[in-house]
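Report on the structure given below.
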Amino acid sequence: MAKIIAVTNQKGGVGKTTTCVNLAASLAAMKRRVLLIDLDPQGNATTGSGLIKEELETSVYDVLVGTHGVKEVMKKTSPGDFWVLPANGDLTGAEVVLLDLPSKETRLRAGLYEVDNDFDYILLDCPPSLNMLTVNALSAAQGVLIPVQCEYYALEGLTALLQTIEHIANALNPSLEIEGIVRTMYDPRPSLTHDVSSQLHKHFEDKVYDTVIPRNIRLAESPSYGLPTLHYEKSSRGAIAYLALAGEFIRKCATR
Ligand code: ADP
Ligand code: MG
Numbered sequence: 001m002a003k004i005i006a007v008t009n010q011k012g013g014v015g016k017t018t019t020c021v022n023l024a025a026s027l028a029a030m031k032r033r034v035l036l037i038d039l040d041p042q043g044n045a046t047t048g049s050g051l052i053k054e055e056l057e058t059s060v061y062d063v064l065v066g067t068h069g070v071k072e073v074m075k076k077t078s079p080g081d082f083w084v085l086p087a088n089g090d091l092t093g094a095e096v097v098l099l100d101l102p103s104k105e106t107r108l109r110a111g112l113y114e115v116d117n118d119f120d121y122i123l124l125d126c127p128p129s130l131n132m133l134t135v136n137a138l139s140a141a142q143g144v145l146i147p148v149q150c151e152y153y154a155l156e157g158l159t160a161l162l163q164t165i166e167h168i169a170n171a172l173n174p175s176l177e178i179e180g181i182v183r184t185m186y187d188p189r190p191s192l193t194h195d196v197s198s199q200l201h202k203h204f205e206d207k208v209y210d211t212v213i214p215r216n217i218r219l220a221e222s223p224s225y226g227l228p229t230l231h232y233e234k235s236s237r238g239a240i241a242y243l244a245l246a247g248e249f250i251r252k253c254a255t256r
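Per the numbering used here, residue 1 is the first one in the sequence shown, and the count goes up by one each step.
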């Protein structure tokens, strides 16, 4: 059975997509079978994995509305060596279309049954809001991985996210739990970083990953080449950090 993890935080620009693409590539490099699902109409995980949005004939939108199965739509990336269920602008209209469909909150979950035995990990890259796409992700997932930047407003936003997670757990998905908190774009110099880190440890205890993702220019550059950083510059600090994160992720998942 695949372990399904939603990478989410309604704040934009915290590193959700960067974490999804690079964690997917790092897990694949460790011989895990990975499916990355792009749930953001911007399609950044799609292009960052090397797929061309304009060339897609079908996307995750078709799975959500039920005209296609996941296996018909997913595409293998190269050299990333993982599978992607891509997104493009079509997804912008999904919110409205979903409202009129039955089981609107659980359509992704229903679509994923088909591939449950084909993957070790399914990663869901969520949009920067708590909309129906995010609700579908949280209904389908067993765990939530939350990237946070260690800055003051990071903690404020987490309260709303935790309430949403609790709400979905109660209403739709009782087994949903927080898989972990990952500190991204980490700069150890400011004292604020340490203040926020210690707050996170206080609230989330061992859910805070030991691995931190440093601010690294290679992580920002590699999407424009359609490459996970591991395949762009494998000795970069960013690529090495995500390999370490994948190792810790596998260990943590195995003990839950
Ligand atoms: P989100 O998906 O949460 O909106 P992204 O992963 O797209 O966030 O990251 C936002 C921006 O920051 C992107 O331009 C990305 O390339 C850059 N970025 C993300 N993580 C890092 C990092 N660790 N170091 C440097 N740049 C980063
Ligand atoms: Mg994103």
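Quick reminder that beta carbons are idealized off the backbone N, C-alpha and C, glycines included.
Any heavy atom of the ligand ADP inside 7 Å of the beta-carbon of residue i?
i, result
"residue 223", "yes"
"residue 215", "yes"
"residue 137", "no"
"residue 246", "no"
"residue 173", "no"
"residue 44", "yes"
Can you give the Cα-Cα distance for residue i and residue j, rounded to whole angstroms?
i, j, result
"residue 43", "residue 2", "23 Å"
"residue 262", "residue 184", "This structure gives no information on residue 262, because the portion of the chain shown stretches from 1 to 256."
"residue 136", "residue 73", "18 Å"
"residue 60", "residue 38", "7 Å"
"residue 133", "residue 253", "24 Å"
"residue 85", "residue 202", "36 Å"
"residue 19", "residue 106", "24 Å"
"residue 67", "residue 224", "31 Å"
"residue 63", "residue 110", "9 Å"
"residue 101", "residue 65", "8 Å"
"residue 31", "residue 164", "33 Å"
Comparing C-alpha positions only, which one of the options sits nearest to residue i?
i, options, result
"residue 124", "154, 142, 195 and 51", "142"
"residue 45", "220, 179 and 116", "220"
"residue 91", "111, 53, 226 and 82", "53"
"residue 83", "24, 98, 105 and 127", "24"
"residue 179", "69, 155 and 138", "138"
"residue 259", "163, 140 and 225", "Nothing can be reported for residue 259: it is not among the residues displayed for the chain, which extend from 1 to 256."
"residue 150", "197, 108 and 129", "197"
"residue 172", "104, 161, 243 and 118", "104"
"residue 218", "161, 231 and 78", "231"
Shorter than 7 Å, the distance from the beta carbon of residue i to the closest heavy atom of the ligand MG, or not?
i, result
"residue 53", "no"
"residue 71", "no"
Quick one: is residue i buried, meaning 16 or more other Cβ sit within 10 Å of its Cβ, or exposed?
i, result
"residue 26", "buried"
"residue 76", "exposed"
"residue 159", "exposed"
"residue 49", "buried"
Margin query: I'd like to know if the segment 3-10 and the segment 107-126 are in contact, where contact means that at least 3 CB-CB pairs between them fall below 8 Å.
Written below: The segment 3-10 makes contact with the segment 107-126: 3 or more CB pairs, one atom from each, lie closer than 8 Å.
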